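What follows is one structure encoded as structure tokens, with my remarks underneath.
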Amino acid sequence: MTMTFDKISLVAAIAGATLIAAPAGAADINAGAAKAKEVCAACHGMDGNSPQPDYPKLAGQYPDFLAKALRDYKSGARKNPVMQGFAAALSRQDIDNLSAYYASQPAAVATRR
Amino acid sequence: MTMMKTMKAIVVGAALLAAGAATAQAPSGDANRGRERVQMCQGCHGIAGWRTAFPEIYHVPKLAGQHAQYLAAALAAYKSGARSHPSMRAIAATLTEQEMADLAAYYAQASNAQPSTPAPKK
Chain A
1 MTMTFDKISL VAAIAGATLI AAPAGAADIN AGAAKAKEVC AACHGMDGNS PQPDYPKLAG
61 QYPDFLAKAL RDYKSGARKN PVMQGFAAAL SRQDIDNLSA YYASQPAAVA TRR
Chain B
1 MTMMKTMKAI VVGAALLAAG AATAQAPSGD ANRGRERVQM CQGCHGIAGW RTAFPEIYHV
61 PKLAGQHAQY LAAALAAYKS GARSHPSMRA IAATLTEQEM ADLAAYYAQA SNAQPSTPAP
121 KK
């Protein structure tokens, strides 16, 4: 009997954890590319290799870092008048799609010591 | 006519001086000096696949090959509080504008530097 209860709570806990870990929706790289052309490419480049020194290169950056930056611009936690305006118009799904798209481009940035 | 030419030269000269003053505002970075200070960055930014632990979990950004001007602006924003990651704020608070420019110059040209430390096995 005790075993059964333990098993039930274990199953419930795993189910709960899976729900929490499940992403809102899988990122769609093609949708990200379309949105990038519309919103981001004028400054960051279509390939994410921004030619302008004050705009960061996005190509090959970690997608979860890109998504965090966009969420923070949207919420105002990260303050930049230009990016706040663009990010405010993006949905959570747009943010995931754009992050996946730019992360998938040939890398312009790398990890070095 | 000569007077006109002289005037023109003065105007052009003044414009050049002004342009020079505008670009001189940000210190120019020295990648070699930056390299000497990079130890404080390596523990997170030098390890491939490294993630933050607090307050949110995500990959720390790749810096090598990024624009120097953007990197220096990022450090300045952490120092001023415009960007708010706790450890980056603490580190940036210790840096002068010149040191930020040096570190930025180092990472901007670091694409060909030593490869990153491999991520530790978990």
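Here the protein sequences come in this chain order: A and B. According to my numbering, the first sequence is numbered sequentially starting from 1. According to my numbering, the second sequence is numbered sequentially starting from 1. All C-beta atoms, glycine included, are put in the ideal place defined by N, C-alpha and C. Values in this document were obtained by computation on a predicted structure and should not be read as measured data.
What three-state label does DSSP hand residue i in the structure shown?
i      : result
B:H67  : coil
B:H59  : strand
A:R113 : coil
A:Y102 : helix
B:R35  : helix
A:R71  : helix
B:R83  : coil
Please check if any C-beta of chain B sits within less than 8 Å of the C-beta of residue i.
i      : result
A:K62  : Contrary to the premise, residue 62 of chain A reads as Tyr rather than Lys in this sequence. With 8 Å as the cut-off, A:Y62 counts as an interface residue toward chain B.
A:A22  : In this predicted model, A:A22 has a pLDDT of only 45, less than 50, meaning its place in the structure is not dependable enough to derive any value.
A:A41  : no
A:L19  : Any reading at A:L19 must be qualified, since the residue scores a pLDDT of 46, below 50, and its modelled position is unreliable; the value itself is stated next. No, A:L19 does not count as interfacial toward chain B.
A:D96  : no
A:P106 : no
A:V82  : no
A:K74  : no
A:A110 : yes
For residue i and residue j, which I take to be in contact (beta-carbon distance under 8 Å), what is that distance rounded to the nearest angstrom?
i      : j      : result
B:Q66  : B:A108 : 6 Å
B:S111 : A:A88  : Not confirmed; about 33 Å, so no contact.
B:D30  : B:A77  : About 22 Å; that fails the 8 Å criterion.
Can you tell me which of the options puts its alpha carbon nearest to the alpha carbon of residue i?
i      : options                      : result
B:G46  : B:D30, B:L63, B:I57, B:Y58   : B:L63
A:A33  : A:A89, A:N97, A:K74          : A:N97
B:S87  : B:R37, B:E97, B:A101, B:L75  : B:L75
B:H85  : A:I95, A:A69, A:S91          : A:A69
A:L58  : A:L90, A:R112, A:A108        : A:A108
A:Y102 : A:A26, A:G25, A:A41          : A:A41
A:Y55  : B:Q69, B:G81, B:I57          : B:Q69
B:P27  : B:S80, B:A53, B:Q98          : B:Q98
A:R92  : A:K74, A:R78, A:P81, A:Q84   : A:K74
B:R33  : B:S80, B:P120, B:L103, B:G81 : B:L103
A:Q84  : A:V39, A:A110, A:A100, A:N49 : A:V39
A:D28  : A:R112, A:R113, A:S104       : A:S104
Between residue i and chain A, is the shortest Cβ-Cβ distance under 8 Å, so that the two count as touching?
i      : result
B:S116 : yes
B:A73  : yes
B:A19  : With a pLDDT of only 48 at B:A19, under 50, the local geometry of the prediction cannot be trusted, and no value is derived from it.
B:K62  : yes
B:G46  : yes
B:G65  : yes
Hey, would you say the C-beta of residue i is under 7 Å away from at least one heavy atom of the ligand SAM?
i      : result
A:Y101 : For the structure depicted, the ligand SAM is absent and the ligand set is empty, with no information on it obtainable.
Which runs of the alpha helix (DSSP H) fall wholly inside the segment 40-94 of chain A and span at least 4 residues, in chain order?
Every alpha helix (DSSP H) of 4 residues or more that sits fully in the segment 40-94 of chain A is shown, in chain order, as 41-44, 63-75, 81-88.
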